[in-house]
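Below you'll find the structure, written out as structure tokens, and then a few comments.
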């Protein structure tokens, strides 16, 4: 049974889950008001400390290519967008790698748009080979691959897979991804599972908040994480909770997701899955990120850019070729100092090539 | 207590509180906690050691006189544990290695089979393996036979702070296994550590309970005292306990009748 069967069961949100944990998770997401939030927050903080300690893992994204055959309505890299397209050459990859690792970061997340002609698996493999000299852990956030392709990347040295379903609601997914290979909902839905089966050490999934009722999306995201945890107990499962940010296309999110909603999602997920990794990226403001730290977050990006070559290559386009705008523009050192002040140790290295 | 030396893995240790170095809010508070505990052995996850870059290195915060035992945290099978141990030794950390092989990210329970395999391989390569294990007598015997320096059974799952939930099994290991038994994981309170020492454990390893305490340094001191008290009680010989009072002898009292 794949996760689609689990999703299908809850697709129309009729009836209640059989088991108490899932019912509690749904209950925690569904509550209104703030009455019980402080209590939930205290429990979430306790669970996070026990399982992860007073530490925060830091990583930085590195965009390799923005060529894309998809037309995701919310994304700056969409095929129809008239932006400067670029793919880093291998020398440029080395330069970006040296710059980022020079800041102390040892965990890199590499990203490409979806184009099997412009950024084929062979290109990604070559980049991984280069990056191994600079980083102790390499995660990929690229288009969905087959299990064999994931295995090839694992053999090359990639150890983490990040892939967001974007929106679990199948109908909305169809509307948001009208053309290109990404319109295949099921191939993307099963990608995390293929990556885990291929030997990835960590698998990170997510839903793009704002495309659907956040309660429904967060619920299915939690179920997906639990499904993966149960099926692959040796793999570290994590989630990201990206909220839609402004980008060149001017897409407006159809559903509001407030800061309070974000907090509720984090607390509900932490209580449901105490060992789940939770990432908060620089999409969120510095102020909110700091407040979310003690509530259950385990990973943060730092020193980010969402432009290809954004760390070392100047492009005078006013940010038009970025995937989306970031909010927290602090440097790695500033994030480290902030964490220290809040009583958390920034962890730059948590794995190595062995 | 003077002269109460634990001879283990070719070293003589007087402080039976081993301390783990993960989960602390910073290296400085970790260092002060190790000092307050008077720790002579600290475990360090090699996966976290960053000696190559100019970044702060955890090893430079380990107090003088405290011996570093690298662990293979992150290993999912015997092969990965062996490779991590070799990297640690190549980095100059000596022969001691705490073997952690975990295939279960939900409970972080060890994989005894793979841990045994790693113990066998590493002992053959001249390491002093300290396998972290689920307390199982036949497995502990095999690990001892394979050349383990000690066995490290869990009290309860890592980070759970639930105390010695595996008491009966650990008591059997202490009674039957010839190498030191060091309870590792799950001890949440100084009284849990004291309890282990009263039972006759050779040592205990504490990490989470110290690292995430409001005052880690204070907690390190409390654990240190508890371990000493428990050890002292064990050496003094605890009186046997009984579940009920036994003023009379209902079964054998007749033997005294008519005296």
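Chains as they are written, first to last, in this note's numbering: chain A, 27 to 380; chain B, 155 to 413. We put the beta carbon where it would ideally sit given N, CA and C, even for glycine.
{"Item": "Residue 302 (chain A) versus A:252, A:65, A:335 and A:55, residue with shortest Cα-Cα distance", "Value": "A:252"}
{"Item": "Chain B contact residues for residue 262 (chain A), given Cβ-Cβ distances below 8 Å", "Value": "259"}
{"Item": "Continuous alpha helix (DSSP H) assignments of at least 4 residues falling wholly in the segment 162–248 of chain B", "Value": "181–191 and 232–244"}
{"Item": "Residue-chain proximity (residue 185 (chain B), chain A), Cβ-Cβ < 7 Å", "Value": "no"}
{"Item": "Neighbour-count burial assignment, residue 393 (chain B), 16 or more Cβ in a 10 Å radius", "Value": "exposed"}
{"Item": "Segment limits, alpha helix (DSSP H) that includes residue 66 (chain A)", "Value": "63–78"}
{"Item": "Cβ of residue 257 (chain A) within 7 Å of any chain B Cβ", "Value": "no"}
{"Item": "Start and end residues, alpha helix (DSSP H) containing residue 328 (chain B)", "Value": "321–330"}
{"Item": "Of the residues A:330, A:339, A:56 and A:214, the one placed nearest residue 361 (chain A), counting alpha carbons only", "Value": "A:330"}
{"Item": "Residues near residue 119 (chain A) by beta carbon distance below 6 Å, same chain, minus five either side", "Value": "153 and 156"}
{"Item": "Euclidean distance between Cα positions of residue 266 (chain B) and residue 291 (chain A)", "Value": "36 Å"}
{"Item": "Straight-line gap, residue 43 (chain A) to residue 249 (chain A) (C-alpha atoms, nearest Å)", "Value": "11 Å"}
{"Item": "Same chain, Cβ closer than 6 Å to residue 255 (chain A), five either side skipped, listed in chain order", "Value": "263"}
{"Item": "Backbone CA spacing between residue 172 (chain A) and residue 319 (chain B) [nearest angstrom]", "Value": "44 Å"}
{"Item": "Cβ-based burial, residue 159 (chain B) [other Cβ within 10 Å; buried from 16]", "Value": "exposed"}
{"Item": "Secondary structure of residue 404 (chain B), DSSP reduced to three states", "Value": "coil"}
{"Item": "The beta strand (DSSP E) enclosing residue 84 (chain A), as first and last residue numbers", "Value": "81–91"}
{"Item": "Contiguous beta strand (DSSP E) assignments of at least 3 residues, all confined to the segment 307–366 of chain A", "Value": "325–327"}
{"Item": "Residue from A:312, A:289, A:104 and A:313 whose Cα sits closest to the Cα of residue 304 (chain A)", "Value": "A:289"}
{"Item": "Burial state of residue 236 (chain A), where buried means 16 or more other Cβ atoms lie within 10 Å", "Value": "buried"}
{"Item": "Three-state secondary structure assigned by DSSP to residue 284 (chain B)", "Value": "strand"}
{"Item": "Closest residue to residue 67 (chain A) among A:131, A:323, A:92 and A:218 (Cα-Cα distance)", "Value": "A:323"}
{"Item": "Segment limits, beta strand (DSSP E) that includes residue 233 (chain A)", "Value": "228–233"}
{"Item": "Identified DSSP bridge partners for residue 236 (chain A)", "Value": "According to DSSP, residue 236 (chain A) bridges with nothing at all."}
{"Item": "Contacting residues, own chain, Cβ-Cβ under 6 Å from residue 242 (chain B) (five flanking each side not counted)", "Value": "200 and 224"}
{"Item": "Cβ of residue 230 (chain B) within 7 Å of any chain A Cβ", "Value": "yes"}
{"Item": "Where the beta strand (DSSP E) through residue 252 (chain B) begins and ends", "Value": "250–253"}
{"Item": "Sub-7 Å separation of residue 240 (chain A) and residue 197 (chain A) beta-carbons", "Value": "no"}
{"Item": "7 Å Cβ cut-off: residues of chain A touching residue 345 (chain B)", "Value": "The premise fails here: residue 345 (chain B) is roughly 18 Å from chain A at the closest Cβ pair, so nothing lies under 7 Å."}
{"Item": "Reduced DSSP secondary structure (H/G/I, E/B, other) of residue 32 (chain A)", "Value": "helix"}
{"Item": "Under 7 Å by beta carbon: chain A residues contacting residue 234 (chain B)", "Value": "380"}
{"Item": "Partner residues on chain B for residue 81 (chain A), Cβ-Cβ distance less than 7 Å", "Value": "177"}
{"Item": "Chain-ordered chain A contacts of residue 362 (chain B) [CB-CB under 8 Å]", "Value": "76 and 79"}
{"Item": "Residue 399 (chain A) - containing alpha helix (DSSP H), residue span", "Value": "Look at the range of chain A in this structure, 27 to 380, and you will see that residue 399 (chain A) is not part of it."}
{"Item": "Three-pair Cβ contact test at 8 Å for the segment 136–155 of chain A versus the segment 352–368 of chain A", "Value": "no"}
{"Item": "Alpha-carbon to alpha-carbon, residue 269 (chain B) and residue 297 (chain B)", "Value": "9 Å"}
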